[in-house]
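Novice: One structure is given below, represented as structure tokens, and several questions about it will come after.
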Amino acid sequence: MSNFHHVQFISWELYTGPCKDLAHPERSTYAGLRSDTTDHRTDVASQCRDIEARLAFIADALEQAHALADPSPQTLKIFMAPEFLCRGAGGAYLHDLLNGWVGAAPSNFCLSTPFDHAWPGLFGGMQRIAAQAQYADYLLVFGSAVSASFPTALSSNGRYELDPSQPGEVYNTTLIQRGGAEHRSSCYAARKQYVSGIDFLKWCGDALHHTNHTVVPADPESVIPKDVLGVTEGGARFTLPSIQHADGSLIDFGIEICLDHAYSGGCRRNEFGRLRTANQSVTIQLVPSGGMVLNPDSIRLLPEAGPTPYSYAFNCDGYTSLDFRVFGSHTQIWNGANGDEVPVENRLIEVGGGDPFPGTQLRRVATECTTHFGPVLAEQLWKSSAEAKGAGYVRVMQVMPLKPLS
């Protein structure tokens, strides 16, 4: 158990949207490592290499942030990356690659070292990074990862193989992990419920990747998500047993991935986020996104009535600056009114990616990393065009108070 008196927000400001063809704007592609294959959706080897490279940059981003972070064990450091941090050149990893394998890799993947034997996958790799002792007082929100599963069909060789001629069922998942080896089980995974029109590309060129027309969401929008207690949209709120206020009470968290902060209730019936539909309020409202800003109608902070000076809404976006016409990233932190227009003084931080802002510090993330298969440039993984590319910056905010002892 850890009792925290303060919180320090850390945003990873980088562009995570598609690569733009400025001459032909409709012909966008997904950034990521690729081979000469004609189907990036099932190119397992390239997807594994892509995951290894992204994990290396994630590790560097955390190291840069830790160099600036408050060392006090009574300060909870919340590190958050944008939506779509990890998806690969096909637009989604094969779902098996999120958690990897404990023995030999599936033989039909035809993988070589180091992926042919026990391999932790993307989420296991994230948890290994988080387990380092210096991150024991961190809560790590690893943006989101997009994955897909295909039906199988009987092949001419007598085995059942993936059938990419059928639509892929897609998942957009955020892993939230408490740092430190002793806290490995202190984690939460949240899935985005509502698919935006910009989540997948509308065009497919010479090599196949996932598009709006070739995917189906894990759940149709008509399904109204409920938690284990039957609370509508209740899965947007969570606690972790190891993270407490100074008085020993659990800190309440909320997670709304991008469009889930703007719509909820099934078929987008409500024009506000999942927490409000669930009638839940939280101390920390997390909004990792790829094309979203904080929505006053969706803010649900504790206490439910009156000022909320010790609770915060935190948005880290990887699609635009605060000017929606400019591709890039931005960070927002608010407290204040619930469901009402937020006064200027409660918009604590609103800044475009990499821009200076009082009370915050910036540190550039590496432009190149080393992997088992050689060096990888950050702009191979994250790139819009010349204006937004690479692994960007980490922004470390000033320490802010949590609920004091009464």
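In case it helps, full-length UniProt numbering puts the sequence shown at residues 1 to 406. The beta-carbon is built from N, C-alpha and C at its ideal position, and this holds for glycine as well. Computed from a predicted structure; not experimentally measured.
1. Who are the Cβ neighbours of K20 in its own chain at under 6 Å, not counting the five residues just before and after it?
2. Could you give the distance in angstroms between the alpha-carbon of T173 and the alpha-carbon of S144?
3. Measuring CA to CA, which of H40, A130, G88 and F324 is closest to K77?
4. Would R237 and V282 be called neighbours here (beta carbons separated by less than 7 Å)?
5. Cutting at 8 Å between CB atoms, please list the residues of its own chain near E271, excluding the five before and the five after it.
6. Ignore the nearest five residues each way along the sequence and tell me which others in S196's own chain have a CB closer than 6 Å to its CB.
7. If you compare alpha carbons, which of A31, P404 and V399 is closest to V7?
8. In terms of residues, what are the limits of the alpha helix (DSSP H) holding I129?
9. Any idea if Q134 is buried or exposed, counting beta-carbon neighbours within 10 angstroms, 16 or more meaning buried?
10. Which residues mark the beginning and the end of the beta strand (DSSP E) in which S406 is found?
11. If contact is defined by three or more beta carbon pairs under 8 Å, each pair taking one atom from either stretch, is the stretch 89 to 100 in contact with the stretch 63 to 79?
12. Hey, residue 409 and A104 are a contact pair by Cβ (cut 8 Å); roughly how many whole angstroms apart?
13. Starting from A246, follow the beta strand (DSSP E) in both directions and report where the run begins and ends.
14. Of all the options V170, R269, F142 and E169, which has the alpha carbon lying nearest to the alpha carbon of G179?
15. Grab me the residues of T367's own chain with a C-beta within less than 8 Å of its C-beta, minus the 5 sequence neighbours each way, in chain order.
16. Does DSSP classify P288 as helix, strand or coil?
17. Would you identify the three-state DSSP class for N335, choosing helix, strand or coil?
18. What does DSSP give as the partner residue(s) for T29 in the beta ladder?
19. Please report the straight-line C-alpha distance between G244 and Y138, rounded to a whole angstrom.
20. Kindly give me the distance between the Cβ atoms of C369 and D60, rounded to whole angstroms, as I take these residues to be in contact under 8 Å.
21. Would you kindly report the start and end of the unbroken alpha helix (DSSP H) that includes R49?
22. For the stretch 39 to 53 and the stretch 105 to 125, state whether three or more C-beta atom pairs, one from each stretch, are separated by less than 8 Å.
23. Here's the rule: buried if 16 or more other CB atoms are within 10 angstroms of the residue's CB, otherwise exposed. What is E182?
24. When you compare only the Cα positions, how much space is there between Y30 and N338?
25. Pairs of beta-carbons, one from the stretch 184 to 192 and one from the stretch 104 to 114, closer than 8 Å: are there three or more?
26. Under 7 Å, do G336 and S329 count as touching if we go by C-beta distance?
27. State the start and end residues of the unbroken alpha helix (DSSP H) segment that holds T277.
28. So, at 7 Å on beta carbons, what are the nonlocal neighbours of P401 in its own chain, with the 5 sequence-adjacent residues on each side left out?
29. Per DSSP, which one or two residues make a beta bridge with R184?
30. According to DSSP, simplified to helix, strand and coil, what is D372?
31. Are the Cβ atoms of G352 and Y393 separated by less than 7 Å?
32. Smallest Cα separation from C86: which of T16, H66 and A148?
Specialist: On the basis of the data shown:
1. Once the five neighbours on either side are set aside, the close Cβ partners of K20 are S28, S384 and S385.
2. 5 Å
3. Residue A130 is the option with its Cα nearest to K77.
4. yes
5. A262, Y263 and D297
6. L259
7. Nearest of A31, P404 and V399 to V7, Cα basis: V399.
8. Unbroken alpha helix (DSSP H) run through I129: G121 to A130.
9. exposed
10. Run containing S406: none; DSSP gives neither H nor E here.
11. no
12. This structure leaves residue 409 out entirely; the chain is present only between 1 and 406.
13. Counting along the chain, A246 falls outside any beta strand (DSSP E), and DSSP gives it neither H nor E.
14. F142
15. Excluding sequence positions up to five before and after T367, its CB lies within less than 8 Å of the CB of L377, A378, E379, G390 and A391, all in the same chain and listed in chain order.
16. strand
17. coil
18. C19
19. The amino acid occupying residue 244 in the given sequence is Gln; Gly does not appear at that position. Distance from the CA atom of Q244 to the CA atom of Y138, rounded to whole angstroms, is 13 Å.
20. 7 Å
21. V44 to L68
22. yes
23. exposed
24. 37 Å
25. Result no; under three Cβ-Cβ pairs closer than 8 Å.
26. no
27. Residues R274 to A278.
28. H6 and Y310
29. According to DSSP, which records beta bridges pairwise, R184 is partnered with nothing at all.
30. The amino acid occupying residue 372 in the given sequence is His; Asp does not appear at that position. In the structure shown, H372 sits in coil (DSSP, three-state: anything other than H, G, I, E or B).
31. no
32. The residue from T16, H66 and A148 with its alpha-carbon nearest to that of C86 is T16.
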